[in-house]
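K.L.:
Protein chains: 2
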Amino acid sequence: MNTAAAHADLLADSIDRAGSPVCVGLDPVVGRLPEALAGYDDEAERVEHFCTGVVEAVAGVVGVVKPQSACFERFGSAGVAVLERVIARAREAGLFVILDVKRGDIGSTAAHYAAAATGLGAHAVTVNAYMGASSIEPFLDAGLMVFVLVRTSNPDSGVIQGEALARGGTLAEHTARLVHELGRAHVGERGLSGVGAVVGATRADEGAALRELMPDTPFLVPGVGTQGGRTEDLAPMARPATSAGGLGLVVNASRSVLFAGDGTDGRDWNERVRARAKALADEGRALHGTRSAV
Amino acid sequence: MNTAAAHADLLADSIDRAGSPVCVGLDPVVGRLPEALAGYDDEAERVEHFCTGVVEAVAGVVGVVKPQSACFERFGSAGVAVLERVIARAREAGLFVILDVKRGDIGSTAAHYAAAATGLGAHAVTVNAYMGASSIEPFLDAGLMVFVLVRTSNPDSGVIQGEALARGGTLAEHTARLVHELGRAHVGERGLSGVGAVVGATRADEGAALRELMPDTPFLVPGVGTQGGRTEDLAPMARPATSAGGLGLVVNASRSVLFAGDGTDGRDWNERVRARAKALADEGRALHGTRSAV
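Chain order of the listed sequences is A and B.
Per the numbering used here, the very first residue in the first sequence carries number 71; after that it's consecutive.
Per the numbering used here, the very first residue in the second sequence carries number 71; after that it's consecutive.
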């Protein structure tokens, strides 16, 4: 199981089981946690109870979760210990775990980051290609699947990713070519590469062009919900229906699911989280249609 | 003290006190630790004793240390606890601490990373600008000094930083313009900006052009020693002697100092580390000449 390609197969299986490409991002923010958890004085402990509850709420509804490392690291070593336990719980629940760390360093340093992510139990990590291929390969060598930042969802990302021109295209397209080249050697039995790409839902307009450059690349798509991206607009980013494979999409929503939170309808916070995740999974299922993940 | 500009002043003071721009990188690798530390069974514990010994060995010889987060993160929460204690020891010893994390994420996520770095006791952090200004500003808002990756020392970095063209220059130059723009609002009383740049020693040929684009920007220069960069070649990266300020350089060496290690001359490993740091500091002092850091 310990290769990037095998992890790509596992991702495909997880999405097929859920029948939807939706991924729930675990971005706990203390200030927004449910009232019901206010009893825990220690913030890291409150975050752990929240994330464990979310994992249990969305298990069986979606196939993938994406813990945001920063939200745990901010509590120092105690937070990293919480992250370790939350990932273990997610794996027990049969969820594919993309650890969102956006690391970008080279050689032995990247190998250390890969060892850290493997030690935490991640199946895949997000990485940054600014330093080139040598900032990606050590993660693949360690058997992790990666998602390389290509075109991100934040409004001002264009200053680097859009304006910077390379070989007649944008930096995003340049990075996309690198991702495709690196990925060729890591395509799994189910047709998806172990080298994925992060392409924001708010970049759907550029999605078709990026898909052409990365035909077998799974796209991790943040920005749905709170950031304004809409699931129904993601079709251009999907792999063509004519391809042997499926959508090749992992559609992430974080705050819009996590902070469905407390309400006035009498339901517990985790019931509301599950309901919100289910509604999103159904939207994703519509996009998914009858196609399998590969 | 809690602004990026004030931290830039503190960096200038630290370099002036040492009289040399040399920075020692703390990149502990278990396989290469001195024999003398083999007695500690726990690897994280061995790393802690090594790093504490290095900090004590180089204190007073150099003014800056750069812990490599990955080397500690690889031990999970225990490693992060070690990192916390090593940074605390470095601060006690009066050293300026650049935490090498190369984080690159946006908004609230970047704010979490900034909180994590502040909690660990860092004065400055390395950051990645692929996602744009919004991946840098939250660190400045938190009062941290930053060093943005511009032109890195690894051999294959040119595929992204060199080939990608923007506004008629390389991506490195494009990023350099962003760094300069962001830095204008964060120049300290001693003339150095709180927004620094990482420019590899192996890129000395491009150093002059990058310096023109970033006149007040402190350059963190890795790649001296093991990676083949030479201190005496860094003059083109320095701020012009005609400028009110000084060199604006922080010259980092890691392995060549750390793993001066055991030997046959009867000295303890930490004496050899101190001697190697001193030799490098003297090289840097020659470059430094009679100029102050600002």
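The beta carbon of each residue, even a glycine, is placed where N, CA and C say it ideally should be.
Predicted model only: the values in this text are computed from it and were never measured.
For glutamate 282 of chain A, does the three-state DSSP call read helix, strand or coil?
P.N.:
Position 212 of the first sequence holds residue 282 of chain A. In this structure, glutamate 282 of chain A counts as helix in the three-state DSSP scheme.
K.L.:
Are proline 208 of chain A and valine 167 of chain A touching if we call contact CB-CB under 8 Å?
P.N.:
Taking the first sequence and counting its residues from 1, one reaches residue 208 of chain A at position 138. Taking the first sequence and counting its residues from 1, one reaches residue 167 of chain A at position 97. Going by C-beta atoms, proline 208 of chain A is not nearer than 8 Å to valine 167 of chain A.
K.L.:
Only counting the same chain, and skipping five residues up and downstream in sequence, which positions put a Cβ closer than 7 Å to that of threonine 272 of chain B?
P.N.:
Sequence index remark: in the second sequence, residue 272 of chain B carries index 202 (1-based). Taken in chain order, the residues that qualify are Ser223, Gly293, Gln297, Gly298 and Gly299.
K.L.:
Check whether chain A comes within 8 Å of aspartate 226 of chain B, counting only Cβ atoms and requiring the distance to be less than that.
P.N.:
For this step, residue 226 of chain B is matched to residue 156 along the second sequence. At least one chain A Cβ lies under 8 Å of aspartate 226 of chain B.
K.L.:
Mark glycine 316 of chain A as exposed unless 16 or more other C-beta atoms lie within 10 angstroms of its C-beta, in which case mark it buried.
P.N.:
Here residue 316 of chain A corresponds to residue number 246 of the first sequence, with the count starting at 1. With 16 or more other Cβ atoms within 10 Å, it is buried.
K.L.:
Report the neighbours of lysine 136 of chain B on chain A: residues whose CB is nearer than 8 Å to its CB, in chain order.
P.N.:
Your numbering for residue 136 of chain B matches position 66 in the second sequence. The contacting residues do not exist; lysine 136 of chain B stays about 12 Å from chain A at best.
K.L.:
Compute the minimum distance between the beta carbon of arginine 309 of chain B and the heavy atoms of the ligand FAD, and state whether it is under 7 Å.
P.N.:
Inclusion of the ligand FAD in the displayed structure is not the case, the ligand content being empty and no account of it being possible.
K.L.:
For a test of the three-state rule: what should DSSP assign to aspartate 226 of chain A, helix, strand or coil?
P.N.:
As a first step, residue 226 of chain A must be located in the first sequence, where it is residue number 156. Aspartate 226 of chain A falls in the helix class under three-state DSSP.
K.L.:
So, serine 263 of chain A versus proline 225 of chain A, is the Cβ gap smaller than 8 Å?
P.N.:
Within the first sequence, numbered from 1, the residue matching residue 263 of chain A stands at position 193. Within the first sequence, numbered from 1, the residue matching residue 225 of chain A stands at position 155. No, the pair does not count as a contact, with Cβ atoms beyond the cut-off.
K.L.:
Below 8 Å, how does it come out for the segment 202–218 of chain B and the segment 177–195 of chain A: are there three or more Cβ pairs, yes or no?
P.N.:
Flag = no, the segment 202–218 of chain B and the segment 177–195 of chain A do not touch.
K.L.:
What residues from chain A crowd round glycine 101 of chain B, counting only those whose CB sits closer than 8 Å?
P.N.:
Working through the second sequence from its first residue, we reach residue 101 of chain B at position 31. The contacting residues do not exist; glycine 101 of chain B stays about 10 Å from chain A at best.
K.L.:
Helix, strand or coil: how does DSSP classify arginine 355 of chain B here?
P.N.:
Position 285 of the second sequence, counted from the first residue, corresponds to residue 355 of chain B. Three-state result, arginine 355 of chain B: helix.
K.L.:
Please tell me whether tyrosine 200 of chain A has its Cβ less than 8 Å away from any Cβ of chain B.
P.N.:
Within the first sequence, the letter at position 130 stands for residue 200 of chain A. Chain B, which has a Cβ nearer than 8 Å to the Cβ of tyrosine 200 of chain A, makes this yes.
K.L.:
When the cut-off is 8 Å and only beta carbons count, does isoleucine 168 of chain A lie next to chain B?
P.N.:
Within the first sequence, residue 168 of chain A is the residue found at index 98, counting from 1. Chain B, which has no Cβ nearer than 8 Å to the Cβ of isoleucine 168 of chain A, makes this no.
K.L.:
Along the chain, where does the beta strand (DSSP E) that runs through isoleucine 168 of chain B open and close?
P.N.:
Position 98 of the second sequence, counted from the start, is the residue given in the question as residue 168 of chain B. 166–173 is the extent of the beta strand (DSSP E) around isoleucine 168 of chain B.
K.L.:
8 Å is my cut-off, CB to CB: does alanine 158 of chain B come that close to chain A?
P.N.:
Position 88 of the second sequence, counted from the first residue, corresponds to residue 158 of chain B. By this cut-off, alanine 158 of chain B is not an interface position.
K.L.:
Is glycine 295 of chain B closer than 8 Å to arginine 325 of chain B when the C-beta atoms are compared?
P.N.:
Stepping through the second sequence from its first residue, residue 325 of chain B is reached at position 255. Stepping through the second sequence from its first residue, residue 295 of chain B is reached at position 225. Yes. Within cutoff.
K.L.:
Within 8 Å (strictly less), CB to CB, does lysine 172 of chain A reach chain B?
P.N.:
Position 102 of the first sequence, counted from the start, is the residue given in the question as residue 172 of chain A. Output row for lysine 172 of chain A: interface = yes.
K.L.:
Going residue by residue through the segment 234–308 of chain A, where are the continuous alpha helix (DSSP H) segments of at least 4 residues, counting only ones entirely within it?
P.N.:
Taking only runs of at least 4 residues, the alpha helix (DSSP H) segments lying wholly in the segment 234–308 of chain A are 241–253 and 274–283.
K.L.:
List, in chain order, every chain A residue whose beta-carbon is nearer than 8 Å to that of valine 229 of chain B.
P.N.:
In the second sequence, the residue the question calls residue 229 of chain B occupies position 159. Neighbours of valine 229 of chain B on chain A, chain order: Gly202, Ala203 and Leu248.
K.L.:
Give me whichever residues DSSP pairs with cysteine 93 of chain B in a beta bridge.
P.N.:
Position 23 of the second sequence, counted from the start, is the residue given in the question as residue 93 of chain B. DSSP, once it has assigned bridges, lists B:Val134 and B:Asn322 as partnering cysteine 93 of chain B.
K.L.:
Would you say alanine 393 of chain B reaches chain A, if we count a Cβ-Cβ gap shorter than 8 Å as a contact?
P.N.:
Past the boundaries of the shown model lies residue 393 of chain B; chain B is included only from 71 to 364, so the question cannot be answered.
K.L.:
Give the residues of chain B in contact with cysteine 141 of chain A, contact being defined as C-beta atoms less than 8 Å apart.
P.N.:
Walking along the first sequence from the start, residue 141 of chain A turns up at place 71. Thr179 and His182, listed in chain order.
K.L.:
Would you mind sorting proline 104 of chain B into buried or exposed? The rule is 16 or more other CB atoms within 10 Å of its CB.
P.N.:
In the second sequence, counting from the first residue as 1, residue 104 of chain B sits at position 34. Under this definition proline 104 of chain B is a buried residue.
K.L.:
Could you tell me how far apart the beta carbons of glutamate 154 of chain A and serine 139 of chain B are, in whole angstroms, since I believe they sit closer than 8 Å?
P.N.:
To locate residue 154 of chain A, count along the first sequence from 1; it is residue 84. To locate residue 139 of chain B, count along the second sequence from 1; it is residue 69. About 17 Å separates the two Cβ atoms, so there is no contact after all.
K.L.:
Taking only three categories from DSSP, how would you classify arginine 116 of chain B?
P.N.:
As a first step, residue 116 of chain B must be located in the second sequence, where it is residue number 46. Looking at arginine 116 of chain B - three-state DSSP - the assignment turns out to be helix.
K.L.:
Helix, strand or coil for alanine 158 of chain B, going by three-state DSSP, please let me know.
P.N.:
Residue 158 of chain B sits at position 88 when you count from the first residue of the second sequence. DSSP places alanine 158 of chain B in helix when its eight states are reduced to three.
K.L.:
DSSP three-state label for arginine 342 of chain A, please.
P.N.:
For this step, residue 342 of chain A is matched to residue 272 along the first sequence. Here arginine 342 of chain A sits in helix by DSSP.
K.L.:
Going by the CB atoms, is the gap between leucine 350 of chain B and glutamate 302 of chain B shorter than 8 Å?
P.N.:
Counting from one through the second sequence, the residue named residue 302 of chain B turns up at place 232. Counting from one through the second sequence, the residue named residue 350 of chain B turns up at place 280. The answer is no: Cβ separation not under 8 Å.
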